[in-house]
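A.B. asks:
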Amino acid sequence: MELRQRVVKGVAWQSVEKVVTALLQFAVSMVLMNHLTPSDYGSWAILSIFLAILLPVVDSGFSQALIRKKEIKEGDYSSVFYVNVLIAIVLYLILWAATPFLSRFFEDELFAQIAPVLFLLFPINSLSIIQSTILSRQLEYRRLSVYTLVASVVSSVAAIVMALSGFGLWALVAQRMLSLAVKALLMWVMSDWKPELKFSLDSIKGMFRYGSRIMLSDLVSNIYYQISGLFIERGHGKAQLGFYDRGNKIKELPVSSSINAVMGVSFSSLSRLQSDEEHFHDSARKIYLLWGFVMWPVMMGLICVAGDMFRFLLPEVWMPTVPFIQILSLAGLLAPLSVISYNIVKIKSDGNMIFRIEVVKKAFATIVLFITIPISVKAIAWGQVVIFTSDMLVNALTAYRYSRRWTLWARTKDMLPYIFATGVMVGVLGVITLLTANWAAGWVLLVKVLAGVAVYCGVNALFRFEAWQEMMIILKGYVKKN
Numbered sequence: 133m134e135l136r137q138r139v140v141k142g143v144a145w146q147s148v149e150k151v152v153t154a155l156l157q158f159a160v161s162m163v164l165m166n167h168l169t170p171s172d173y174g175s176w177a178i179l180s181i182f183l184a185i186l187l188p189v190v191d192s193g194f195s196q197a198l199i200r201k202k203e204i205k206e207g208d209y210s211s212v213f214y215v216n217v218l219i220a221i222v223l224y225l226i227l228w229a230a231t232p233f234l235s236r237f238f239e240d241e242l243f244a245q246i247a248p249v250l251f252l253l254f255p256i257n258s259l260s261i262i263q264s265t266i267l268s269r270q271l272e273y274r275r276l277s278v279y280t281l282v283a284s285v286v287s288s289v290a291a292i293v294m295a296l297s298g299f300g301l302w303a304l305v306a307q308r309m310l311s312l313a314v315k316a317l318l319m320w321v322m323s324d325w326k327p328e329l330k331f332s333l334d335s336i337k338g339m340f341r342y343g344s345r346i347m348l349s350d351l352v353s354n355i356y357y358q359i360s361g362l363f364i365e366r367g368h369g370k371a372q373l374g375f376y377d378r379g380n381k382i383k384e385l386p387v388s389s390s391i392n393a394v395m396g397v398s399f400s401s402l403s404r405l406q407s408d409e410e411h412f413h414d415s416a417r418k419i420y421l422l423w424g425f426v427m428w429p430v431m432m433g434l435i436c437v438a439g440d441m442f443r444f445l446l447p448e449v450w451m452p453t454v455p456f457i458q459i460l461s462l463a464g465l466l467a468p469l470s471v472i473s474y475n476i477v478k479i480k481s482d483g484n485m486i487f488r489i490e491v492v493k494k495a496f497a498t499i500v501l502f503i504t505i506p507i508s509v510k511a512i513a514w515g516q517v518v519i520f521t522s523d524m525l526v527n528a529l530t531a532y533r534y535s536r537r538w539t540l541w542a543r544t545k546d547m548l549p550y551i552f553a554t555g556v557m558v559g560v561l562g563v564i565t566l567l568t569a570n571w572a573a574g575w576v577l578l579v580k581v582l583a584g585v586a587v588y589c590g591v592n593a594l595f596r597f598e599a600w601q602e603m604m605i606i607l608k609g610y611v612k613k614n
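No gaps in the numbering here: position 328 of the sequence shown is 460 in the working numbering, and each next residue is one more.
This is how it looks when you write it as structure tokens:
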């Protein structure tokens, strides 16, 4: 199969998996938010910060170094596997020892109970990194998607049952742990690869230069994306952190899901084309178009229906979350250009440039945080939009150094048709808002969703925009095959 087709199908499979996973996470979130308070979610947000920052450290950039390598030598996989497991165990022991201190610092008794169990995610995650890396190198995204979907279904059902049974935050713990544990189990059972009793220090040294730079860049990036939560908790309380965190997490359901899908597919597939500039650019542009085609209507649609959705599904106490969803969703519009550009730099550079641009981006982010933190939580949210915008500009301009056809103006022109279609959709939803002012929230939500999908698809079909035609080809091919 032609690589371009495999890339497109890879994005399609990963997108389906991420959409289903996001819907399951949304369902779990709605159930739990009806049983937990904003302060409870503030406590969970603090725990999640540690996971988000430190989980990438377990991999230490070695998986991306393996994917990027043109040839894998004997012992490469096993050597990285043992390093991953060792790092995970050391991380867990450090955090376990620090738990009493952290519990006192955050004045949260639940932290001391939950953290030692939740931090087992580090060693659990380390067990399946290599299997996932091998499948990514082979562009076996269908298998990866199936494993993730099964794990998501099992963990989501367990979390909902536990929430309805009164287990509180432990339902969230079970969801996170089962999701990784079931996926790891499937990887071990279904994968042909098993670790051998081999370890090559030369192999680790050969990948360490690139991998360590990627890991440091990811670590710096994650710290800055998560640190605002700590400042909110310290300055504005757990309840405000709970509102902000839920708004951010609901925004991230489509954003992070799509980023995870596209980052994996684009990095592994484009790495194979790094020496063929024409095909490299065409494949990167195709992924960007398909992603933007989906992301623009989803994020703007979420902004338009967030209030109706919360009024219909949740108690009144959660309404302060809505403005955070609407503000932070604006940042999601920038994800396609930002992430694809970032991957171009990761593939084309030796890793040093990645670290340098992260330092520049985080220096600017520090200034924005110091300005917005004393003002209000909403100011912090707007600051995140400014930070995401600057990140996108830096990534895109740096990518141009390595791929001269990847210009900011060209990518903006690529996205104009879908911005236009989204604008028409938003206009129609605005009219519906005026006409349904006295309707029940559930009916308004249903009408807006159906109308939004119909209008956006209708505009794309009418003007036969490129990404729409590509999507139709993919769907027709899938229907014929099945």
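Beta carbons are placed, not taken as given, at the ideal position from N, Cα and C, and that holds for glycine.
1) Please look up how many angstroms separate the CB atoms of Ile564 and Ala583, rounded, as I've assumed it's under 8 Å.
2) How would you label Lys608, buried or exposed, when you count the other beta carbons within 10 angstroms and need 16 or more for buried?
3) Could you tell me the boundaries of the alpha helix (DSSP H) in which Met451 lies?
4) Rounded to a whole number of angstroms, what is the C-alpha to C-alpha distance between Lys337 and Leu317?
5) Where do the N-terminal and C-terminal ends of the alpha helix (DSSP H) with Leu362 fall, by residue?
6) Spatial neighbours of Thr246 within its chain, please: C-beta separation below 7 Å, excluding the five flanking residues on both sides.
7) Just mark Asp324 as buried or exposed, buried being the case when its beta carbon has 16 or more other beta carbons within 10 Å.
8) Output needed for Leu594: all residues of its chain with C-beta closer than 7 Å, excluding positions within five of it in sequence on either side, in chain order.
9) Inspect the beta-carbon positions of Ala463 and Phe520 and report whether they are closer than 7 Å.
10) Could you check if Met557 belongs to the surroundings of the ligand FMN, using beta carbon to heavy atom distance under 6 Å?
11) Find out if the Cβ-Cβ distance for the pair Ile476, Tyr534 is shorter than 7 Å.
12) Shortest alpha-carbon distance to Lys580 belongs to which of Ala569, Ile261 and Leu561?
13) As a quick exercise: from Pro170, Val426 and Gly367, pick the residue whose alpha carbon is nearest that of Ile505.
14) Please classify Ser311: does DSSP put it in a helix, a strand, or coil?
15) From Leu168 to Gln601, what distance separates their C-alpha atoms?
16) By Cβ distance, which residues of its chain are closer than 6 Å to Ala438, with the 5 residues on each side in sequence left out?
17) How far does the alpha helix (DSSP H) with Lys545 in it extend, from its first residue to its last?
18) Distance, Cα to Cα, Leu276 vs Ser288?
19) What three-state label does DSSP hand Phe251 in the structure shown?
20) Look up Phe243 in the DSSP assignment and say whether it is helix, strand or coil.
21) If you count every other CB in all the chains shown that lies within 10 Å of the CB of Ala416, and 16 or more means buried, which is it?
22) Taking one C-beta from the region 218–236 and one from the region 345–358 each time, how about it: are there three or more such pairs within less than 8 Å?
23) Identify whether His411 lies in helix, strand or coil by the three-state DSSP scheme.
C.D. replies: On the basis of the supplied data:
1) Mapped onto the sequence shown, residue 564 falls at position 432. Mapped onto the sequence shown, residue 583 falls at position 451. 6 Å between Cβ atoms; contact.
2) In the sequence shown, the residue the question calls residue 608 occupies position 476. By the 10 Å Cβ count, Lys608 comes out exposed.
3) On the sequence shown, residue 451 is found 319 positions in, with the first residue counted as 1. Looking at the DSSP string, Met451 is not in any alpha helix (DSSP H), and its letter there is neither H nor E.
4) As a working mapping, residue 337 is identified with position 205 in the sequence shown. As a working mapping, residue 317 is identified with position 185 in the sequence shown. The alpha-carbon atoms of Lys337 and Leu317 are separated by roughly 29 Å.
5) Your numbering for residue 362 matches position 230 in the sequence shown. Per DSSP, Leu362 belongs to the alpha helix (DSSP H) from Leu333 to His368.
6) If you number the sequence shown from 1, residue 246 lands on position 114. Before going on, a small fix: residue 246 reads as Ile here, not Thr. Excluding residues within five positions, the ones whose Cβ falls inside 7 Å are Leu179, Leu301 and Val305.
7) Locating residue 324 in the sequence shown gives position 192, counting from the first residue. Flag for Asp324 reads exposed.
8) Counted from its first residue, the sequence shown places residue 594 at position 462. Excluding residues up to 5 positions away in sequence, nothing lies with its Cβ nearer than 7 Å to the Cβ of Leu594 in the same chain.
9) By one-based count along the sequence shown, residue 463 stands at place 331. By one-based count along the sequence shown, residue 520 stands at place 388. Cβ atoms of Ala463 and Phe520: closer than 7 Å.
10) As far as ligands go, the structure on display features none, and thus does not contain the ligand FMN.
11) What you label residue 476 is simply residue 344 of the sequence shown in a count that begins at 1. What you label residue 534 is simply residue 402 of the sequence shown in a count that begins at 1. Yes, the Cβ-Cβ distance between Ile476 and Tyr534 is below 7 Å.
12) If you number the sequence shown from 1, residue 580 lands on position 448. That would be Leu561, whose Cα lies nearest to the Cα of Lys580.
13) Residue mapping note: residue 505 aligns to position 373 of the sequence shown, counting from 1. It is Gly367 whose Cα lies nearest to the Cα of Ile505.
14) In the sequence shown, residue 311 corresponds to position 179, counting from 1. DSSP places Ser311 in helix when its eight states are reduced to three.
15) The residue you call residue 168 lines up with position 36 of the sequence shown. The residue you call residue 601 lines up with position 469 of the sequence shown. Taking the straight line from one Cα to the other gives about 44 Å.
16) Counting from one through the sequence shown, the residue named residue 438 turns up at place 306. Answer for Ala438: Val454, Ile457 and Gln458, listed in chain order.
17) For the purposes of this step, residue 545 is taken as residue 413 along the sequence shown, with counting starting at 1. Unbroken alpha helix (DSSP H) run through Lys545: Leu540 to Leu567.
18) As a first step, residue 276 is located in the sequence shown; it is residue number 144 there, counting from the start. As a first step, residue 288 is located in the sequence shown; it is residue number 156 there, counting from the start. So the two alpha carbons sit approximately 18 Å from each other.
19) Within the sequence shown, residue 251 is the residue found at index 119, counting from 1. Phe251: coil per DSSP, three-state reduction.
20) Taking the sequence shown and counting its residues from 1, one reaches residue 243 at position 111. Three-state DSSP puts Phe243 in a helix.
21) Stepping through the sequence shown from its first residue, residue 416 is reached at position 284. With 16 or more other Cβ atoms within 10 Å, it is buried.
22) no
23) In the sequence shown, residue 411 corresponds to position 279, counting from 1. Residue state, collapsed to three classes: helix.
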